[in-house]
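For the sequence shown, the numbering used here gives the first residue as 817, with consecutive numbering after it.
Just so you know, even glycine gets a beta-carbon here, dropped at the ideal spot from N, CA and C.
Here's the structure, in structure tokens; my notes come after.
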Amino acid sequence: CSHAFNLLDARKSIGVAQRTRYIGRVRGMAKGCAEGYLKLINGSEQEVESVDA
């Protein structure tokens with residue numbers, strides 16, 4: 817996902833607005849993965865605290 821972004825960015829094939837949206841989507845996916853991992857190691861019974869970066 818980030819590799820594809822880097823290729824598009826290096827070739828100047830992505831506009832400023834698209835770049836911002838793409839970065840937001842990648843951050844959202846990374847956050848979802850981190851929250852899923854925390855649920856896994858803490859047990860699915862507990863609520864995972866939301867962290868806004």
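For R827, three-class secondary structure by DSSP: coil
What would DSSP say about G844, mapped onto helix, strand or coil? helix
Euclidean distance between Cα positions of K828 and R837: 15 Å
Indicate the three-state DSSP secondary structure (helix, strand or coil) for G852 in the structure shown. helix
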